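Heads up, the thing below is written out as structure tokens.
Chains as they are written, first to last, in my numbering: chain A, 617 to 1108; chain B, 617 to 1108.
What follows is the structure, encoded as structure tokens:
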């Protein structure tokens, strides 16, 4: 295609020379060069089409014409900072606010989910006058210093991780693999009580809680859906301690969950966070993001005497793009589509669960779905290598899916919201075939007489090209956790 | 004009309702609504044209057609993350690298100058294994938590500022108002020795230096040009301590200084920083930015085991825009224009200095020029209120200029690089008239018999609408400093 300017080898060589080696690439032993995309499809330099099940950033579909047009037209007209009045800024803020509970009325426009979460912490600390932050196990909130501190998903990757003394980690409200499971009589309260216990411990040491921060649904942490009521109970404890509740919607907001526009709303009508942060899908790929909070929090922040200025945040182009994204979501009923197609996908996957012992759990809301692979449904031994094998085999079939979670064994669906029932059927059909083959191989492998044949199979590798053995350990999940968390992981 | 959707009052009302009150606006008592811009001109909703002397972000001119076209075309084609191979990323990295010394060969693309500086600190800390950072008095490095800590320009605005124990502030190498002035026999060495002293003090307390960070030319700090040789001496001391030298080019890079593409190069051919951060002008307003460092630093960063992923950073649209900006700078010889027009502007201003006692100092390189106003050329008492008056009167003449620095008495020129000699002549002519009138009024004010008439003059206010009296204190600059730093300040 005409937009390829270098051959793939040259691209790879230049990348090695000029791009930081910490910036990983998908399928690094045989990376994909994408030169075009449309809707839920991406195209490589040979014109090969890939079905995209992972790019939640391209929320309304890659290169949506309405979004492109809005951006291009505004770029021609004006792009400047918010120290000048502009209608796009206020109209966008008004439209965004209309999707939220009334109380959340004040916006700060910034450039990335990371900038949004950092500002959220500053708002909470200024409002409360406190410093301590409670975050969740396996949480991911961003790549800047202050956020790595509150992201166990990231800081556990460090060989010499040092927990910031103002950061406290509560158990992930994961009812499949966590401390309190689906069979618990009230996991919402039990998990919230863990937060309460942390608050008490912090108080005993003389600390004071500024905020509790959680992704409304954990994504990198393994597509975890907290039990309804959990956020309400946590908010009660945190408010009592003088802190704020920050809902991080960077991965999951803007209608993805289908039933609601915001994922925190899955907890019930009676729950309203004090601060909501947004990111990835907000501009369909354009670098922008937002923090929304209450008037009280905004006024407390102003009382510090420090101006808040963000050079690019809230510029007329970003706002034009943000407005177009909101319009397309409504015009094309993408939230409704997420609900319908997500339900169909989940139904299809549930049927696969009946058939494939490797599938331990199916969980999801709308087009945010996780398939947790396990080697044993009782011990929940993570099927990490198998998950990687699924990802690799799907890539051979030109379907892009990823695996994540602390054990890297959760297949993550978060496609553009224009994903169709046919797309869902195609990917499930392929997964069925791959799992059948895998389970076949595992059985063969267990039988000593075919070991040689089985060992001829190519070892699976993760998206970064690290090899995984198909380890048949039946050890505790803890043991596997230690093994897998030593491998570098991709977050999305 | 057709792009105004709301009347100005409605825009202001919605802004009050939905935008954080910490986000300030220029000339808040009578703000400007800009709806279009082209080259070095901005246009309000009535079609009134403003000459823009302040928007260094619109580096190659507002809405440059080549930049708009590059962005629009790539937006139509593909916008995704750097986990897929793309030619724009590597071609842009290669082209950007070519503007820098060979040693600076590895890029990390991010979304803002703030993200860039935060990453620079992480790189330095990981490489050195140390924690302490040395920053300069009046420095501004960004709006996120880790950067407010190293930005005296920001943290001095806080009523309850607490210096981070790992941050150490060295004197600003300001040869006009600083500790060592133009009459010192070797201010470069003297200022560098101050850094050396800090390093020794840190070592005595058991600390270790990770980095020295400085804007290559301080902008918010008052358009300060450090004496040549200062960076070399500092780098020597910092390297000896195992730390790195970070040059922050966010405000001043990309040819603005005229003689060189990067402002750190003003220090001499023999100076190469270990890390360079970029921002504002890099994408002519598009939210993007970059950190460039050495192979050694990049490899040390990778050895932490933590992936670096930035959702939007380095996407094909940002890179297409970045490439177009570099092309336009060359095609239109904007660096040469900055040199020529900047020299003309400085010459014109020097002539004004001979005429106007209020002008204490003219300093600049290319189209980065500062005019420091003082009430007395011996005591250097800052003419803060007068600087604000100049800004306001210029606005009435439809010229946008700002005043900054610790005393808010430095008129800051940093226009789009397409600024012309005619533009320079126009603004200097207007400043001449305003200063003449101001000096006239000051003399009248000193004479008791005309006090009543003089007091009829409208009190000047800063761009935020705070009123300043034309205080005739001849006190120490320290006294005025305390007075003015209590006012909220705009950074640019």
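We treat Cβ as the ideally placed atom computed from N, Cα and C, and that holds for glycine. All of these numbers come straight from a predicted model, not from anything done at the bench.
Range covered by the beta strand (DSSP E) that runs through residue i
i: residue 654 of chain A; result: 650-654
Backbone CA spacing between residue i and residue j [nearest angstrom]
i: residue 828 of chain A; j: residue 920 of chain A; result: 22 Å
i: residue 844 of chain B; j: residue 832 of chain B; result: 11 Å
i: residue 1047 of chain A; j: residue 1053 of chain A; result: 10 Å
i: residue 739 of chain B; j: residue 636 of chain A; result: 11 Å
i: residue 1033 of chain B; j: residue 927 of chain A; result: 18 Å
i: residue 918 of chain B; j: residue 911 of chain B; result: 11 Å
i: residue 650 of chain B; j: residue 900 of chain A; result: 26 Å
i: residue 666 of chain B; j: residue 643 of chain B; result: 14 Å
i: residue 922 of chain A; j: residue 944 of chain B; result: 37 Å
i: residue 1017 of chain A; j: residue 1004 of chain A; result: 10 Å
i: residue 932 of chain A; j: residue 624 of chain B; result: 16 Å
i: residue 723 of chain B; j: residue 760 of chain B; result: 21 Å
i: residue 950 of chain A; j: residue 709 of chain B; result: 37 Å
i: residue 620 of chain A; j: residue 817 of chain A; result: 58 Å
i: residue 1056 of chain B; j: residue 970 of chain B; result: 16 Å
i: residue 1070 of chain B; j: residue 648 of chain B; result: Interpretation of residue 1070 of chain B is limited by its pLDDT of 34, a score under 50 that renders its predicted location unreliable; the figure taken from the coordinates is listed afterwards. Whole-angstrom Cα-Cα distance: 28 Å.
i: residue 1037 of chain A; j: residue 955 of chain A; result: 11 Å
i: residue 742 of chain B; j: residue 916 of chain B; result: 7 Å
i: residue 622 of chain A; j: residue 662 of chain A; result: 13 Å
i: residue 753 of chain B; j: residue 977 of chain B; result: 20 Å
Short Cβ contact (8 Å threshold) for residue i with residue j
i: residue 597 of chain A; j: residue 958 of chain A; result: Any answer about residue 597 of chain A is impossible in this case: the structure gives chain A only from 617 up to 1108.
i: residue 924 of chain A; j: residue 669 of chain B; result: no
i: residue 937 of chain A; j: residue 686 of chain A; result: yes
i: residue 786 of chain A; j: residue 814 of chain A; result: yes
i: residue 1042 of chain B; j: residue 989 of chain B; result: no
i: residue 848 of chain A; j: residue 884 of chain A; result: yes
Pick from the options that is closest to residue i, judged by C-alpha positions
i: residue 1030 of chain B; options: B/881, B/656, B/728 and B/747; result: B/656
i: residue 658 of chain B; options: A/720, A/696 and A/741; result: A/696
i: residue 808 of chain A; options: A/715, A/790 and A/823; result: A/790
i: residue 824 of chain B; options: B/858, B/743, B/987 and B/973; result: B/858
i: residue 892 of chain B; options: B/971, B/764, B/873 and B/716; result: B/716
i: residue 861 of chain A; options: A/749, A/961, A/785 and A/967; result: A/749
i: residue 974 of chain B; options: B/1016, B/1025 and B/652; result: B/1025
i: residue 751 of chain A; options: A/743, A/745, A/742 and A/770; result: A/770
i: residue 700 of chain A; options: B/646, B/709, B/700 and B/753; result: B/646
i: residue 689 of chain A; options: B/679, B/767 and B/628; result: B/679
i: residue 886 of chain A; options: A/915, A/846, A/872 and A/935; result: A/846
i: residue 713 of chain A; options: B/745, B/834, B/743 and B/634; result: B/634
i: residue 819 of chain B; options: B/792, B/1002 and B/782; result: B/782
i: residue 853 of chain B; options: B/805, B/878, B/835 and B/834; result: B/805
i: residue 755 of chain A; options: A/720, A/778 and A/838; result: A/838
i: residue 719 of chain B; options: B/909, B/705, B/747 and B/702; result: B/909
i: residue 703 of chain B; options: A/764, A/968 and A/626; result: A/626
i: residue 798 of chain B; options: B/1019, B/979 and B/966; result: B/979
Same chain, Cβ closer than 7 Å to residue i, neighbours up to 5 away in sequence not counted
i: residue 894 of chain B; result: 732, 865, 866, 869, 905 and 906
i: residue 889 of chain A; result: 861, 862, 863 and 880
i: residue 737 of chain B; result: 749, 762 and 827
i: residue 941 of chain A; result: 675, 676, 683, 898, 899 and 900
i: residue 876 of chain B; result: 882
i: residue 729 of chain A; result: 758, 866, 893, 895, 896 and 905
i: residue 707 of chain A; result: 939
Cutoff 6 Å; reference residue i; Cβ partners in own chain excluding five residues on either side
i: residue 575 of chain B; result: For chain B, the structure presents residues 617 to 1108; residue 575 of chain B sits outside this window and is missing.
i: residue 767 of chain B; result: 755, 756 and 757
i: residue 1089 of chain B; result: Model confidence at residue 1089 of chain B stands at a pLDDT of 32, short of 50, so the residue's coordinates are unreliable and nothing is read from them.
First and last residue of the uninterrupted alpha helix (DSSP H) at residue i
i: residue 761 of chain B; result: 761-764
i: residue 935 of chain A; result: 932-947
i: residue 847 of chain A; result: 846-856
i: residue 818 of chain B; result: 803-820
i: residue 1008 of chain A; result: 1000-1012
i: residue 691 of chain B; result: 681-693
Residues near residue i in its chain [Cβ-Cβ closer than 8 Å; skip 5 each side]
i: residue 1040 of chain B; result: 957, 960, 961 and 964
i: residue 631 of chain A; result: 641
i: residue 810 of chain B; result: 786, 787 and 795
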